[in-house]
Amino acid sequence: MVTLYKIGGAPLEDSAYLSALAAHLKTLPAPPILVHGGGKAISRLQTAFGIQPRTIGGLRVTDEQTMALVAMALIGEANVNLVAALVREGVEAQGFHGADRGVLRSRPLQHPEGDLGRVGVIHTVRTEVLSEVLSAGVVPVVAPIALADDGGLHNINADQAAGAIAAAIGAAQVIFLTDVAGVLHEGAVVPALRRAEAESLIATGVASGGMAVKLRAALEALSAGVSAARITDVYGLSNGMGTLITA
51 MVTLYKIGGA
61 PLEDSAYLSA
71 LAAHLKTLPA
81 PPILVHGGGK
91 AISRLQTAFG
101 IQPRTIGGLR
111 VTDEQTMALV
121 AMALIGEANV
131 NLVAALVREG
141 VEAQGFHGAD
151 RGVLRSRPLQ
161 HPEGDLGRVG
171 VIHTVRTEVL
181 SEVLSAGVVP
191 VVAPIALADD
201 GGLHNINADQ
211 AAGAIAAAIG
221 AAQVIFLTDV
231 AGVLHEGAVV
241 PALRRAEAES
251 LIATGVASGG
261 MAVKLRAALE
271 ALSAGVSAAR
281 ITDVYGLSNG
291 MGTLITA
């Protein structure tokens, strides 16, 4: 069974982090799927175009102009740079975004706290497209942009995209790579969480913003049949460190 890795926006710009990730990927018996973010690159473009970045519940508010910038940042910068970094390190990798062959299809995401604009939630994953790439021994590197039901594009939160793809393809595990060692509580990494414990951390605000989004994505993947999720940094991959989340 395939493993899916999600790498956040900040580590994408750390060459040592990417080298360590590539070294880990080369030890795996089969190619995984990679999904990446790109929040820092998106925010830089928004600022350059005079747009103040805004989030609701850890999700970026995406109007039509911002959607164009999201596509520029994720496809034209984050995806191509990540693929290039992996290939330089000897990893067979190929870039995708969700509109490629309609790999990811989405509907608008309705949020109780406000209108997110062109933010979507994935309802269909063409797993056969990803399986073709995996069977060739190649790592698919997916930018979280989806083909919307209205024919346009949707900005998909990368954590949510990772959870949806992992669930659809029947991944053995989804690993959320970030710039912290795991879920933190009172300054220490929580080594393991069951579903109820993760839900409590979200409800009480101990896990908020981006970490809450990661936990929700992990729980959604578990609900869809993925056996485990892990939140860690790249240096925790080799020794199994981080936070393991199970049902």
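For what it's worth, this note's numbering labels the leading residue of the sequence shown as 51, then goes sequentially.
Ideal Cβ placement from N, Cα and C applies to all residues, glycine included.
Nothing here was measured: the structure is a model prediction, and the numbers come from that model.
Minimum C-alpha distance to residue i - residue among the options
i: GLU114; options: VAL153, ALA211, ALA268, ASN205; result: ASN205
i: ALA278; options: GLY201, TYR285, THR293; result: THR293
i: ALA242; options: ILE281, LYS264, ASP165, ILE215; result: ILE281
i: SER181; options: ILE219, ASP283, VAL276; result: ILE219
i: GLU247; options: ALA274, SER185, VAL233; result: VAL233
i: ALA72; options: LYS264, GLY140, PRO194; result: GLY140
i: ALA198; options: LEU132, THR254, ARG110, PRO158; result: PRO158
i: ALA186; options: ILE83, ILE57, ARG104, PRO103; result: ILE83
i: GLY290; options: VAL133, VAL239, ALA274, THR105; result: VAL239
i: LEU265; options: THR105, ARG151, LEU75, LEU251; result: LEU251
i: GLY255; options: ARG244, GLU270, HIS235, ALA267; result: HIS235
i: ASP200; options: VAL189, GLY58, ALA149; result: ALA149
i: ARG244; options: ALA253, ILE295, GLY259, GLY107; result: ILE295
i: HIS161; options: ALA211, ALA135, VAL179, GLY107; result: GLY107
i: ALA211; options: SER65, LEU109, ASP229, LYS76; result: LEU109
i: GLY237; options: ALA221, GLU249, ALA257; result: ALA257
Spatial neighbours of residue i in its chain, beta-carbon cut-off 7 Å, leaving aside the 5 residues before and after
i: LEU95; result: LEU119, MET122, ALA123
i: THR112; result: VAL120, LEU166, GLY167, ARG168, VAL169, ASN205
i: VAL137; result: ALA143
i: SER69; result: GLU139
i: GLY152; result: ARG176, LEU197
i: MET117; result: ARG168, LEU203, ASN205
i: THR105; result: VAL111
i: GLY213; result: VAL224, ALA267, ALA268, GLU270, ALA271
i: TYR67; result: PRO61, VAL284
i: VAL188; result: PRO81, GLU142, ALA143, GLN144
i: GLU301; result: Given a span of 51 to 297 for the chain in the structure shown, any question on residue 301 remains unanswerable.
Same chain, Cβ closer than 6 Å to residue i, neighbours up to 5 away in sequence not counted
i: LEU272; result: ALA297
i: THR174; result: ARG155
i: HIS147; result: ILE125, ALA193, ILE195
i: ALA135; result: LEU68
Three-state secondary structure assigned by DSSP to residue i
i: GLY148; result: coil
i: LEU84; result: strand
i: LEU78; result: coil
i: VAL137; result: helix
i: VAL120; result: helix
i: ALA60; result: coil
i: ALA278; result: strand
i: LEU265; result: helix
i: LEU251; result: helix
i: LEU71; result: helix
i: LEU287; result: coil
i: VAL130; result: helix
i: ALA297; result: coil
i: ALA257; result: coil
Any non-hydrogen atom of the ligand ADP within 7 Å of residue i CB
i: VAL133; result: The model depicted lacks the ligand ADP and carries no ligand whatsoever.
Beta-carbon spacing of residue i, residue j below 8 Å
i: GLN144; j: VAL191; result: yes
i: ALA208; j: GLY126; result: no
i: PRO25; j: LEU227; result: Since the first residue shown for the chain is 51 and the last is 297, residue 25 is missing from the structure and cannot be characterised.
i: THR53; j: ILE225; result: yes
i: ILE299; j: VAL85; result: Because residue 299 is not part of the residues shown, which for the chain are 51 to 297, the question remains open.
i: ALA231; j: GLY286; result: yes
i: ASP229; j: GLY89; result: no
i: ALA217; j: MET51; result: no
i: ALA91; j: ALA128; result: yes
Residue i at chain B interface by Cβ criterion, 8 Å
i: LEU234; result: This model lacks chain B altogether, as it is built from one protein chain only.
Sequence-distant residues of its chain with Cβ nearer than 8 Å to residue i (five each side left out)
i: VAL130; result: GLY145
Complete runs of the beta strand (DSSP E) confined to the segment 150-235 [at least 3 residues] = 154-158, 170-175, 189-193, 195-198, 203-205, 223-227
Can you list the alpha helix (DSSP H) stretches of 4 or more residues lying completely in the segment 93-118, in chain order?
-> none
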